[in-house]
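Numbering (the working numbering), first residue to last: 1 to 171.
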């Protein structure tokens with residue numbers, strides 16, 4: 001009988017070790033699965049159909065701004081105002097910072113309020129490979145009226161998003 005408790009203790013230790021091993025393995029498995037899902041999402045996003053419309057270029061900076069007509073999605077806010085989301089692209093005349101040659105920004109426009117905000121910002125290298133991605137719902141920014149290149153881009157986005165009737169997906 002004296003040997004039975006020793007076997008029970010050893011069994012508990014073995015079971016605890018197996019459970020810890022299983023938990024660690026599941027954690028690693030879930031981590032790997034999450035990484036694969038992120039990579040797949042990025043790959044899918046990069047292969048989506050894109051129809052870029054040139055909004056403007058800035059002679060001073062050399063930057064060229066585009067609007068992706070195929071990404072335009074319409075919703076409404078809690079007040080019933082039409083909200084349009086779309087992807088915009090900037091090709092920088094000079095790299096934004098070392099190695100950053102372009103960016104794709106997901107933008108939302110509130111048409112009646114003439115306001116705009118960004119939801120996502122992605123940076124790309126000279127080969128078009130993604131360098132970084134930042135998801136963020138920034139505050140709404142009222143499109144100002146001064147005659148500046150930034151305002152021209154915002155007005156171009158507002159006009160394309162709020163007055164475009166082609167390929168708008170309602171959600």
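Cβ atoms here follow ideal geometry from the backbone N, Cα and C, with glycine treated the same way.
A contact is defined here as three or more CB-CB pairs under 8 Å, and the stretch 59-74 fails this definition with respect to the stretch 122-140. Residue 123 has 103 and 132 as its beta-bridge partners, per DSSP. The alpha-carbon separation between residue 147 and residue 153 amounts to approximately 11 Å.
In this chain, the alpha helix (DSSP H) harbouring residue 153 covers 149-163.
Excluding the 5 residues flanking it on each side, residue 141 has same chain C-beta neighbours closer than 7 Å at 115, 116 and 117, in chain order. Every beta strand (DSSP E) stretch that sits fully inside the stretch 70-104 and reaches 3 residues is listed by chain position as 73-76 and 82-91.
Looking at the backbone, the Cα of residue 102 and that of residue 65 are separated by about 10 Å.
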